[in-house]
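Reading through the structure tokens given below for one structure.
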Amino acid sequence: MAVRDPSTGSEVGRVIAATPGDVRMAVEAAQRAFPGWAALSPDERGAPLRRAHALVLERADDLARALTLEGGKPFDEAKDEVLWGAEFLLWYAEEARRPWGEILAGNGPNQRLYVHRRPRGVLACITPWNFPSSLVTRKVAPAVAGGNTVVLKPAEQTPLSAVLLFEIFDEAAFPPGVVNLVCGDPEPIGEVLTGAPQVRQISFTGSVEVGKLLLRRAAEGVKKVTLELGGHAPFVVFSDADLDLAAAKLAFSKFQNAGQTCIAANRVLVERGIADELGRLLSGLAATLRVGDGLEPGVTVGPLIDGRALAKVRDHVADAIGRDARLLCGGEAPSGLDPERFFAPTVLADVPADARVATEETFGPVAPLIPFDSDEEAVALANASEYGLAAYLFTRDLGRAHRVGEALDYGMVAVNDGALGWVQAPFGGIKGSGDGREGGRQGLEEYLDVQYLSLNF
Ligand code: ADP
Numbered sequence: 004m005a006v007r008d009p010s011t012g013s014e015v016g017r018v019i020a021a022t023p024g025d026v027r028m029a030v031e032a033a034q035r036a037f038p039g040w041a042a043l044s045p046d047e048r049g050a051p052l053r054r055a056h057a058l059v060l061e062r063a064d065d066l067a068r069a070l071t072l073e074g075g076k077p078f079d080e081a082k083d084e085v086l087w088g089a090e091f092l093l094w095y096a097e098e099a100r101r102p103w104g105e106i107l108a109g110n111g112p113n114q115r116l117y118v119h120r121r122p123r124g125v126l127a128c129i130t131p132w133n134f135p136s137s138l139v140t141r142k143v144a145p146a147v148a149g150g151n152t153v154v155l156k157p158a159e160q161t162p163l164s165a166v167l168l169f170e171i172f173d174e175a176a177f178p179p180g181v182v183n184l185v186c187g188d189p190e191p192i193g194e195v196l197t198g199a200p201q202v203r204q205i206s207f208t209g210s211v212e213v214g215k216l217l218l219r220r221a222a223e224g225v226k227k228v229t230l231e232l233g234g235h236a237p238f239v240v241f242s243d244a245d246l247d248l249a250a251a252k253l254a255f256s257k258f259q260n261a262g263q264t265c266i267a268a269n270r271v272l273v274e275r276g277i278a279d280e281l282g283r284l285l286s287g288l289a290a291t292l293r294v295g296d297g298l299e300p301g302v303t304v305g306p307l308i309d310g311r312a313l314a315k316v317r318d319h320v321a322d323a324i325g326r327d328a329r330l331l332c333g334g335e336a337p338s339g340l341d342p343e344r345f346f347a348p349t350v351l352a353d354v355p356a357d358a359r360v361a362t363e364e365t366f367g368p369v370a371p372l373i374p375f376d377s378d379e380e381a382v383a384l385a386n387a388s389e390y391g392l393a394a395y396l397f398t399r400d401l402g403r404a405h406r407v408g409e410a411l412d413y414g415m416v417a418v419n420d421g422a423l424g425w426v427q428a429p430f431g432g433i434k435g436s437g438d439g440r441e442g443g444r445q446g447l448e449e450y451l452d453v454q455y456l457s458l459n460f
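Here's what the structure looks like:
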């Protein structure tokens with residue numbers, strides 16, 4: 004299977020596409036490895052994770068380069084992702100050593116109820132192309148630290164990052180069968196993974212359509228499904244906010260990875276009196292970004308992943324302008340760059356709330372500014388979405404931060420910040436954005452079953 008550079012379309016590598024038979028072998032290997040792996044102490048299971056962490060740090064440049072070549076993100080950003088992804092390996096190696104349980108009072112003097120957690124078995128993990136390194140470690144590390152075994156399928160656009168990580172896992176000496184990688188055509192691989200009786204859980208990050216498909220298929224075998232689907236993050240800026248800070252965080256949230264992140268600020272809800280000022284500040288920051296091939300020094304915004312992604316971005320911008328939004332900057336490919344691959348950071352003002360860019364996930368470097376007049380209106384606009392992953396709000400008023408923050412129907416709310424993926428925090432959404440958490444204590448519990456022992460003596 005050829006892997007292509009989204010900046011140029013040229014082939015940058017090849018991986019072996021797994022047949023359905025290969026996938027079944029991987030599942031069987033994971034099943035065979037499970038009892039021995041689960042029986043190890045958490046510290047013993049942490050050892051290969053700690054070794055893998057050290058190896059990722061050692062090879063961070065190589066991993067980042069592969070990531071840029073196949074995913075397009077600028078090298079420095081790719082390296083940040085690799086290093087962030089490495090944190091999950093170390094953090095879960097340690098977190099698995101804290102297998103907290105509960106002891107409940109019994110119904111009589113001689114009874115105690117012990118609540119503890121146990122690994123589930125074989126997990127199937129399916130990851131997307133936009134964070135091809137860190138989302139692999141964010142799933143695999145808690146899964147195996149908790150005593151499960153894994154079969155992982157990376158996105159067909161970006162398998163090289165996963166291959167390099169699994170080579171590291173191999174060197175880190177996970178016992179055979181504990182971590183397995185299958186690349187290739189998603190549909191037949193997905194069919195085997197969802198159909199295999201040994202697979203007890205599917206952990207998926209990707210599109211709503213595929214998430215729903217996996218959920219339907221998993222229902223047949225009553226498998227647990229963890230879903231991290233799209234987002235449509237509102238970025239709410241009140242007039243009492245530090246506007247320079249808000250603009251800087253917005254530029255990061257909106258333009259990193261060319262806007263192709265599920266927690267990207269998708270709708271900028273801004274109090275009317277400061278809308279022009281925020282538009283001016285954000286356009287100024289957008290002008291400092293340099294679009295191009297991610298391996299070129301100084302480039303801060305890479306290509307979009309493919310032509311389909313670009314077409315959607317163009318449609319969203321044209322639709323907004325057709326509804327009388329004002330284009331403050333961008334709106335097309337920067338001159339000299341292939342318009343089928345690149346798009347300039349774009350800011351739109353006076354965007355009506357029913358424009359496509361305000362109602363659908365754009366997944367591109369386009370910031371639509373939508374004015375509001377009251378806290379109530381801001382909350383209503385922010386919550387008017389089937390998604391519920393990430394939200395941002397900017398204010399200097401602590402009372403408002405609590406009131407508005409807690410009223411937002413989102414799994415994660417950042418106040419005066421533009422980032423949410425901390426290793427120790429439970430990342431995940433509600434409503435149409437899926438179910439389940441990655442990161443933090445909750446990210447480990449996601450892959451463990453609760454059992455209680457009723458002890459009577
Ligand atoms: P995107 O639109 O971001 O590419 P997808 O949901 O298509 O999102 O892809 C996310 C992951 O899901 C990728 O690893 C992709 O290969 C995988 N995938 C796509 N279709 C299926 C399927 N039918 N069964 C299992 N996995 C799939």
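When we follow this note's numbering, the leftmost residue of the sequence shown carries the number 4, and every step to the right adds one.
Think of the CB as a built atom: it goes at the ideal place given N, C-alpha and C, for glycine as much as any other residue.
Three-state secondary structure (DSSP) at residue i?
| i | result |
| --- | --- |
| GLY437 | strand |
| ALA5 | strand |
| LEU423 | coil |
| GLY334 | coil |
| SER286 | helix |
| GLY276 | helix |
| VAL354 | coil |
| GLY12 | coil |
| THR303 | coil |
| PRO1 | Absent from the structure is residue 1, since the part of the chain shown begins at 4 and ends at 460. |
| SER457 | strand |
| TYR117 | strand |
| GLN204 | strand |
| LEU126 | strand |
| THR349 | strand |
| ASP341 | coil |
| ARG293 | coil |
| ARG101 | coil |
| ILE308 | coil |
| ILE266 | coil |
| ASP481 | Nothing about residue 481 can be reported from this structure: the residues present for the chain run from 4 to 460 only. |
| ALA81 | helix |
| ALA108 | strand |
| ALA67 | helix |
| LEU281 | helix |
| LEU58 | helix |
| LEU451 | strand |
Using only alpha-carbon positions, find the residue among the options that is nearest to residue i.
| i | options | result |
| --- | --- | --- |
| ASP353 | ALA314, LEU372, LEU107 | LEU372 |
| ARG53 | LEU285, THR365, GLY88 | GLY88 |
| SER388 | THR303, ALA236, GLU90, LEU451 | ALA236 |
| GLY414 | LYS82, GLU364, ARG399, GLY439 | GLY439 |
| PHE375 | PRO162, GLY276, PHE172 | GLY276 |
| PRO135 | GLY209, THR229, VAL294, VAL26 | GLY209 |
| GLY150 | LEU458, TYR450, LEU456 | TYR450 |
| PRO200 | PHE177, VAL182, ALA176, LYS227 | LYS227 |
| SER256 | VAL271, GLU61, GLU280, GLY402 | VAL271 |
| ALA29 | LEU401, GLU223, LYS156 | LYS156 |
| ALA144 | TRP425, ASP327, TRP94, PRO348 | TRP94 |
| ARG329 | SER137, ASP247, ASP412, ARG283 | ARG283 |
| SER242 | LYS82, ASN133, ALA381 | ALA381 |
| ASP309 | LYS76, SER137, LEU384 | LYS76 |
| ALA410 | PHE397, ASP400, ASP378, LYS434 | ASP378 |
| TRP40 | VAL360, ALA146, GLY333 | ALA146 |
| ALA20 | GLU159, ASP412, GLY198 | GLU159 |
| VAL6 | ALA165, LEU60, SER44, ILE266 | ALA165 |
| ALA428 | THR22, GLU90, PRO337, ASP46 | GLU90 |
| LEU116 | VAL125, ARG123, GLY104, SER137 | GLY104 |
| LEU458 | LEU307, ASN110, PRO102 | ASN110 |
| ALA358 | ILE324, VAL185, GLY305, ALA393 | ILE324 |
| LEU138 | SER206, THR152, LEU107 | SER206 |
| GLY193 | ALA127, THR161, ASP245, LEU167 | ALA127 |
* Taking only runs that begin and end inside the stretch 148 to 188, name each unbroken beta strand (DSSP E) of 3 or more residues, in chain order. => 152 to 156, 182 to 184
* Taking the runs of the alpha helix (DSSP H) that are 4 residues or longer, which of them lie wholly in the stretch 373 to 430? -> Counting only runs of 4 or more, we get 378 to 386, 401 to 410.
* Segment contact, 8 Å Cβ cut-off, at least three pairs: the stretch 212 to 225 with the stretch 31 to 41 -> no
* Could you name each continuous alpha helix (DSSP H) segment of 4 residues or more that falls completely within the stretch 227 to 260, going from the start of the chain to the end? => 246 to 258
* To do: Answer yes if the stretch 239 to 253 comes into contact with the stretch 402 to 422, meaning at least three C-beta pairs across the two stretches below 8 Å, and no otherwise.
  => yes
* Asked: Are the stretch 319 to 334 and the stretch 343 to 352 touching by the rule of at least three beta carbon pairs closer than 8 Å?
  -> yes
* With contact counted as at least three CB pairs below 8 Å, one residue from each stretch, are the stretch 64 to 79 and the stretch 172 to 190 in contact? -> no
* Would you check if there are 3 or more beta carbon pairs closer than 8 Å linking the stretch 356 to 370 to the stretch 393 to 408? => Judged by pairs of C-beta atoms under 8 Å, the stretch 356 to 370 does not touch the stretch 393 to 408, as fewer than three such pairs exist.
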